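K.L.:
Take this structure, written in structure tokens, and hold onto it; I'll ask about it next.
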Amino acid sequence: MRNPIGFSTGVLYRTVDSVSVEIVNICRSLGCEAIEVNCHNHPEHTDKMEKGDFWEVLKSSEFKHFSVHMPCNIRINDWGGGYLAIQKIMTSCLIRYPADYFLVHPDLVDRWRVINELACLSLVIENMDHRKKSFRYPEELRSFFDAHPEFGFVLDVNHWAVNDLPVNGIGEIIAEFSNRLVGVHLSGVSDDNYHAPIHKTDQYWLVEQLYNLPPNVPIILEGVCEDVDEMRAELQYVRRSLTDY
């Protein structure tokens, strides 16, 4: 299997800003082929996406895959607030360095017609975890994509697992949504059901479920790490696990 592998820039959020030259350089130094810029907080991260030095380093890194995770602290219910935030981020990228996709949490969208027009610019959703009230289960995703076929999909393996869904269903959902699958978020499940480095939880069976992942679909590692050494160990563990089948 050869899919681009890299990190969400939020994996070192405790010590390194997720929208910074430093985190991009760390990912590059580790030999990552993919990167997802974690723009979780608006307006802090939205404003930082405007800085030229950040973009220069990102472009010069020549990642095979580059995506953006949209803010998680603002709702989208009209053409103000949340809509303007994601529009600002998308515009910054389109001008400087087009992203492969822009991920929005679907539970934050109250009025889909507000952002339907942005779906043509690679706006995508992911499945949600146990803390959310919607978009957690396959039937909810099917209903959404039937109504909004223009959106792409990112499968979050941790979110799938914490909802107590069958592990072998991961491969099945990959097959079912293969025509719209644009990425996978991969991490282990901590004791309190959050994103943990999979090399520490040793939940190798979660990696095994990616056996039918289409070529070139990026794998974004989301397990929260303590330092760069943990990031390196995580990347090595996942790469080694993927070559075992």
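Going by the numbering used here, the sequence shown opens with residue 5, and the numbers climb by one from there. The beta carbon of each residue, even a glycine, is placed where N, CA and C say it ideally should be. Because the structure is a prediction, the values reported are computed rather than measured.
1. Should the segment 5–20 be regarded as contacting the segment 46–56, the criterion being three or more beta carbon pairs within less than 8 angstroms?
2. Label H134 either buried or exposed according to how many other C-beta atoms from any shown protein chain fall within 10 Å of its C-beta, with 16 as the threshold for buried.
3. Do the segment 177–186 and the segment 194–202 meet, that is, are 3 or more Cβ pairs less than 8 angstroms apart?
4. With distances taken from CA atoms, which of I9, E144, L34 and D57 is nearest E40?
5. Could you tell me which of V108, L112 and N42 sits nearest to I129, measuring between CA atoms?
6. Just checking my contact of V211 with L246 at CB under 8 angstroms: how many whole Å lie between their CB atoms?
7. At the level of alpha carbons, what is the spacing between I57 and E26?
8. When you compare only the Cα positions, how much space is there between S71 and I90?
9. What does DSSP give as the partner residue(s) for L107 in the beta ladder?
10. Alpha carbon to alpha carbon, how far is Y241 from D82?
11. Does I99 pass the burial test, meaning 16 or more other C-beta atoms within 10 Å, or should it be called exposed?
12. Return the bridge partner residues of A151 from the DSSP annotation.
13. Mind checking E176: buried by the 16 CB within 10 Å criterion, or exposed?
14. Please specify which runs of the beta strand (DSSP E), each continuous and at least 3 residues long, are wholly inside the segment 7–58, giving them in chain order.
15. So what does DSSP say about V193, is it helix, strand or coil?
16. Quick one: using the 10 Å Cβ neighbour count with 16 as the cut-off for buried, is R140 buried or exposed?
P.N.:
The short version:
1. no
2. exposed
3. no
4. I9
5. V108
6. 6 angstroms
7. The identity of residue 57 in the sequence shown is Asp, whereas the question assumes Ile. D57 and E26: Cα-Cα distance of roughly 11 angstroms.
8. 13 angstroms
9. H73 and V128
10. 43 angstroms
11. exposed
12. In the DSSP output, where bridge partners are listed per residue, A151 has none listed.
13. exposed
14. 9–12 and 38–42
15. strand
16. buried
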